[in-house]
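Below you'll find the structure, written out as structure tokens, and then a few comments.
Numbering (the UniProt record's numbering), first residue to last: 1 to 105.
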């Protein structure tokens with residue numbers, strides 16, 4: 001099974017952070033892809049990704065409008081970086097882009 005991990009973070013750390021998380025989870029599920037999403041919002045870092053989860057991921061999705069905290073954890077991974085608003089508007093396309101990246105397209 002394809003596995004993705006993601007980090008969502010918007011400037012305010014409130015609405016878009018969590019809306020992007022929900023959309024990533026929704027469209028990954030529709031495509032039979034396992035995903036775990038870490039949020040870096042107003043409440044701090046939640047649902048922290050473990051080193052093992054990151055290592056096992058085929059692709060890392062950064063749905064962010066600001067800096068990713070502890071970005072060095074993702075060194076050497078295939079990373080797709082998009083804005084939170086892109087994911088909120090069209091999560092299906094983001095998941096499709098990540099699938100293509102995982103397949104080396």
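Don't be surprised by glycine CBs; every beta carbon is placed ideally from N, CA and C.
Reference residue i, options the options, closest by Cα
i	options	result
residue 65	1, 17, 94 and 89	17
residue 94	22, 76 and 46	22
Alpha-carbon to alpha-carbon, residue j and residue i
i	j	result
residue 2	residue 12	31 angstroms
residue 62	residue 68	8 angstroms
residue 52	residue 36	12 angstroms
residue 33	residue 74	19 angstroms
residue 24	residue 72	22 angstroms
residue 54	residue 60	8 angstroms
residue 96	residue 103	11 angstroms
residue 58	residue 70	19 angstroms
residue 15	residue 77	27 angstroms
residue 86	residue 101	17 angstroms
residue 46	residue 90	23 angstroms
Expected contact under 8 angstroms - CB spacing of residue i and residue j to nearest Å
i	j	result
residue 44	residue 9	Wrong, their Cβ atoms sit about 11 angstroms apart, outside the cutoff.
residue 88	residue 20	6 angstroms
residue 56	residue 48	With 8 angstroms as the limit, residue 56 and residue 48 do not qualify as a contact, their Cβ atoms being about 15 angstroms apart.
residue 121	residue 4	This structure gives no information on residue 121, because the portion of the chain shown stretches from 1 to 105.
Counterpart residues of residue i in DSSP-defined beta bridges
i	result
residue 101	Paired residue(s): none; residue 101 is not in a bridge.
residue 79	60
residue 46	39
residue 21	Bridge partners of residue 21: none, in fact.
residue 3	34
The stretch 24-36 / the stretch 75-85 touching (three or more Cβ pairs under 8 angstroms): no
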